[in-house]
Amino acid sequence: MKGLILSGGKGTRLRPLTHTRAKQLIPIAGKPNLFYALEDLLEAGIRDVGVILSPETGDEVREALGDGSRWGVNLTFIVQEAPLGIAHAVMTARDYLGDSPFVLYLGDNLLSGGIRHLVEEYQQTQPQAIVLLTEVEDPRAFGVVVLDAQGRVVRLVEKPKEPPSNLALVGVYLFSPAIHDVIATLKPSGRGEYEITEAIQGLVERGQKVVAHQVRGYWKDTGKPEDLLDANRLVLSQVTRRVEGELEHADVVGEVVVEPGARIVRSTVRGPAFIGAGSLVEDSFIGPYSAIGKGAKVIGSELEYSILMDQAEVRQLAYRLDASILGHGVVVDGQGSTRRHTLQLVLGDRSQVKL
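If you count the sequence shown from 1, you need to add 495 to reach the working numbering.
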C-alpha cells in the first residue's frame, strides 16, 4: 500500500500566514502539520509516499521534507499545476500510484488515534474504499455522508445547502485502484473541481463495497487561524514534561517541553506548553497552550494560547498576547507601553509591529 499526501492549495483562509508559506508547514506544537500526516502513514507501515505539491509552495515543501530519510520513507513529489480538487490530485498521481491500493491523506488535517487500524482492516477485508467520518455542527462546509441502518455508505454530497446528515468526510481515505476508473469519468463540479465525494459516490453506484468509520479521538481541519490554535491546544494537551533547556530563576509548572538550547530566565511557564530549541523567554509569563518556536524570543511580555513560529520576537509588550499566531521572524515591540489590555494578533512572516 502507498500513501498520497496532499500538500498543495493556496491556503486563502489562513492569510496572511500563507502569503509566504505552505499552509501544511504551519507548526502545531512546534512541528509542521504535514509531519503529523507523514508520521501517521509511517506508523501504519507505509513506506512509499507521494506528496502532491502546488507550483507556488512546492519548493518549500520539498526542502522541509527532504528525501524522507529522516523518517525512513521513500518520497515522490508530484506537482498539481492547478488546485482543481482532491480527485484531480489523485488523477495527477495516477502514474505514481499504479495498481497499488493507497491512503489519501490531506496534509492540513490533524488526527488522533492514527490510521493503523484502518490499514489493517483494509488488508484483511479488501473493500474498494474506507472513509473516515466525524459529526460536525455545520455540515454545509463539508462532504456529507448518508449511512443506512447497517452503517453502510449509501450517498455522498459535497457541501450541500440542505445537509442530509451531520456526518462529514474527514480528509483520510483508503482506496483500491478501482477509484481511478471512476475518477476518469468525472466532470468538474459547479465549483470547477473534480470532487472526491462524486468519485466515492461512483463506487457506491457501481455496487462496490465502501466502508465508513467514525474518528477515534479528535480531528481538526486546520484551515483557519482559530482551527490552528485549537489543534495546538489538542496536541499540547497530550505532551509529557521534558525540560532539556536552561532554567535560570524560572518557574516551569506542569507538562512543559523545553527543548535543548532554550533558556527561560526570571520567567514563569505554565503548561501545557512548548518552548523550542534556542529560544529565549526572559522576564515574561507564558500561559497554557502556547508554543514558542525555535530561536524565538519573548522578553518582558505575557502570552497564552498562542503560537510563535521560529525566530519570532515579542518585546516589552504591556498587552497580554492571547489567541495569537505570529509568523516566522515577526517582531512585535511594545516599546514599554504602560497600558494593560489583552491583544490578539495574526501576523504573516517577517511582519514588524510597534505598539
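Glycine included, every Cβ here is placed at the ideal spot set by N, Cα and C.
Keep in mind it's a predicted model, so treat the numbers as computed, not measured.
Under the DSSP definition of a beta bridge, which residues are partnered with residue 567?
For the purposes of this step, residue 567 is taken as the residue at position 72 of the sequence shown. Partner(s): none; residue 567 has no beta bridge.
Report yes or no: do the region 696–710 and the region 564–580 share at least 3 C-beta pairs separated by less than 8 Å?
no
Just mark residue 721 as buried or exposed, buried being the case when its beta carbon has 16 or more other beta carbons within 10 Å.
In the sequence shown, residue 721 corresponds to position 226, counting from 1. By the neighbour-count rule (16 or more Cβ atoms within 10 Å), residue 721 is not buried but exposed.
Go ahead and pull the three-state DSSP assignment for residue 506.
Taking the first residue of the sequence shown as 1, we reach residue 506 at position 11. Because the pLDDT at residue 506 is just 49, under 50, the model does not fix this residue reliably, and the value given afterwards should be weighed accordingly. Here residue 506 sits in coil by DSSP.
For residue 826, I'd like the list of residues in its chain whose CB is within less than 6 Å of its CB, leaving aside the five on either flank, ordered along the chain.
Against the sequence shown, residue 826 aligns to sequence position 331. Closer than 6 Å at the Cβ level, and outside the excluded window around residue 826, lie 808 and 847.
Ignoring anything shorter than 3 residues, give me the beta strand (DSSP E) runs that lie fully in the region 570–657, in order along the chain.
597–601, 604–606, 624–630, 638–642 and 648–653
Assign residue 823 to one of two classes, buried (16 or more other C-beta atoms within 10 Å of its C-beta) or exposed (fewer than that).
Within the sequence shown, the letter at position 328 stands for residue 823. Residue 823 should be labelled buried.
Identify the continuous alpha helix (DSSP H) that holds residue 733 and give its terminal residues.
Looking up residue 733 in the sequence shown gives position 238. From DSSP, residue 733 is part of no alpha helix (DSSP H); its letter is neither H nor E.
For a minimum of 3 consecutive residues, which ranges assigned as the beta strand (DSSP E) are wholly contained in the region 720–771?
741–743, 746–748, 751–753, 758–760, 763–765 and 768–770
Could you tell me the alpha carbon to alpha carbon distance between residue 717 and residue 621, rounded to whole angstroms?
If you number the sequence shown from 1, residue 717 lands on position 222. If you number the sequence shown from 1, residue 621 lands on position 126. Using only the alpha carbons, I get a separation of about 31 Å.
Where does residue 681 fall in DSSP's three states?
As a first step, residue 681 must be located in the sequence shown, where it is residue number 186. Note: residue 681 maps to coil in three-state DSSP.
What would DSSP say about residue 517, mapped onto helix, strand or coil?
Mapped onto the sequence shown, residue 517 falls at position 22. Note: residue 517 maps to coil in three-state DSSP.
Leaving out five residues before and five after residue 623 in sequence, what residues of the same chain have Cβ atoms less than 8 Å from its Cβ?
Along the sequence shown, read from residue 1 onward, the residue named residue 623 stands at position 128. A distance below 8 Å between beta-carbons, with the five flanking residues on each side excluded, links residue 623 to the following residues of its chain, in chain order: 670, 671, 673, 674, 698, 703, 704 and 705.
Can you tell me whether residue 815 is helix, strand or coil according to DSSP?
Along the sequence shown, one-based indexing puts residue 815 at 320. Note: residue 815 maps to strand in three-state DSSP.
If you measure between the beta carbons of residue 715 and residue 605, is that distance less than 9 Å?
On the sequence shown, position 220 is the one that residue 715 refers to. On the sequence shown, position 110 is the one that residue 605 refers to. A contact, by the Cβ cut-off of 9 Å.
Within the same chain, show all residues whose beta-carbon is closer than 6 Å to that of residue 525, passing over the 5 residues directly before and after it, in chain order.
Here residue 525 is taken as the residue at index 30 of the sequence shown, counted from 1. For residue 525, where only same-chain residues beyond five positions count, the Cβ hits under 6 Å are 769, 771 and 786.
Which residue's Cα is closest to the Cα of residue 528: 500, 545 and 550?
In the sequence shown, residue 528 corresponds to position 33, counting from 1. Nearest option by C-alpha distance: 500.
Taking residue 817 and residue 801 to be in contact with their CB atoms under 8 Å, please state how far apart those CB atoms are, rounded to whole angstroms.
In the sequence shown, the residue the question calls residue 817 occupies position 322. In the sequence shown, the residue the question calls residue 801 occupies position 306. Yes, they are in contact, since the Cβ atoms of residue 817 and residue 801 sit about 7 Å apart, within 8 Å.
Who does residue 806 pair with in a DSSP beta bridge?
Translated into the one-based positions of the sequence shown, residue 806 becomes position 311. In DSSP, residue 806 forms no bridge with anything.
If you drop the 5 nearest sequence neighbours on each side, which residues of the same chain put their C-beta closer than 6 Å to that of residue 764?
Position 269 of the sequence shown holds residue 764. So the list reads 747, 751 and 781, once near-sequence residues are dropped.
Identify whether residue 692 lies in helix, strand or coil by the three-state DSSP scheme.
Locating residue 692 in the sequence shown gives position 197, counting from the first residue. In the structure shown, residue 692 sits in a helix (DSSP, three-state: H, G or I).
From 591, 590, 557 and 609, pick the residue whose C-alpha is nearest to that of residue 540; which is it?
Mapped onto the sequence shown, residue 540 falls at position 45. It is 609 whose Cα lies nearest to the Cα of residue 540.
Once DSSP output is grouped into helix, strand and coil, what is the label at residue 556?
As a working note, residue 556 is residue 61 in the sequence shown. Residue 556 falls in the helix class under three-state DSSP.
For residue 680 and residue 583, I'd like the C-alpha separation in whole angstroms.
Here residue 680 corresponds to residue number 185 of the sequence shown, with the count starting at 1. Here residue 583 corresponds to residue number 88 of the sequence shown, with the count starting at 1. One C-alpha to the other measures close to 12 Å.
Can you find the residues in the same chain that come closer than 8 Å, C-beta to C-beta, to residue 655, ignoring five residues on each side of it along the sequence?
Counting from one through the sequence shown, the residue named residue 655 turns up at place 160. Around residue 655: 634, 635 and 639.
Do the region 682–690 and the region 589–598 meet, that is, are 3 or more Cβ pairs less than 8 Å apart?
Under the Cβ criterion (8 Å, minimum of three pairs), the region 682–690 does not count as touching the region 589–598.
When the Cα atoms are used, what is the spatial distance from residue 762 to residue 658?
Position 267 of the sequence shown, counting from 1, holds the residue named residue 762. Position 163 of the sequence shown, counting from 1, holds the residue named residue 658. So the alpha carbons of these two residues sit roughly 50 Å apart.
Does the Cβ-Cβ distance between residue 740 and residue 756 come in under 9 Å?
Translated into the one-based positions of the sequence shown, residue 740 becomes position 245. Translated into the one-based positions of the sequence shown, residue 756 becomes position 261. In this structure, residue 756 lies closer than 9 Å to residue 740 by Cβ.
Note the first and the last residue of the continuous alpha helix (DSSP H) segment covering residue 537.
Position 42 of the sequence shown, counting from 1, holds the residue named residue 537. Its alpha helix (DSSP H) spans residues 528–538.
Expressed to the nearest angstrom, what Euclidean distance is found between the alpha-carbon atoms of residue 603 and residue 502?
Locating residue 603 in the sequence shown gives position 108, where the first residue counts as 1. Locating residue 502 in the sequence shown gives position 7, where the first residue counts as 1. Using only the alpha carbons, I get a separation of about 7 Å.
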